[in-house]
Amino acid sequence: MAKVYTAGADKRRTATMQDVTAILGQLDSTKAVPIMALSPTVADVEEASLWLGGDRDIFGPGQPLKGVASQIVTILTADEEEGD
1 MAKVYTAGAD KRRTATMQDV TAILGQLDST KAVPIMALSP TVADVEEASL WLGGDRDIFG
61 PGQPLKGVAS QIVTILTADE EEGD
């Protein structure tokens, strides 16, 4: 997944599809549409990307991902969960 990190107040703005694609990579509509429906901030998308990239220690050892970022991860990993 592509990782693009923005600074300061820019992270609090609502992410555009261009932001989501820049951070998470190209997504098909079954993933992109539900993510955009969440109206995530750039920070939410970046947190989800970090989590999916295995950088979970950034959030604190054993700390669960919360909020919109957690919902993004759920959307992106839904196929993996169905395969179990």
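So the sequence shown is residues 1 to 84, counted in this note's numbering. Quick reminder that beta carbons are idealized off the backbone N, C-alpha and C, glycines included. Model, not experiment: these values are computed from the prediction.
Subject >> Residues bridged to Thr41 [DSSP beta-bridge criterion] >> reply: Thr14
**OP:** Might you give, ordered along the chain, the residues of its own chain that have their beta carbon closer than 7 angstroms to the beta carbon of Lys31, omitting 5 neighbours on each side?
**Re:** These residues qualify, in order along the chain: Ile75 and Leu76.
Original post:
What is the DSSP secondary structure of Asp28, counted as helix, strand or coil?
Top reply: If DSSP states are grouped into helix, strand and coil, Asp28 belongs with coil.
Subject >> Contact under 7 angstroms by Cβ, Leu24 with Ser49 >> reply: Yes, Cβ-Cβ distance for Leu24 and Ser49 is below 7 angstroms.
Original post:
Among Asp79, Ala43, Gly54 and Gln71, which one has its Cα closest to the Cα of Ala22?
Top reply: Ala43
Subject >> Leu76 (DSSP reduced to helix, strand or coil) >> reply: helix
Subject >> C-alpha distance - Leu65 paired with Ser39, whole-angstrom precision >> reply: In a straight line, the C-alpha of Leu65 is about 17 angstroms away from that of Ser39.
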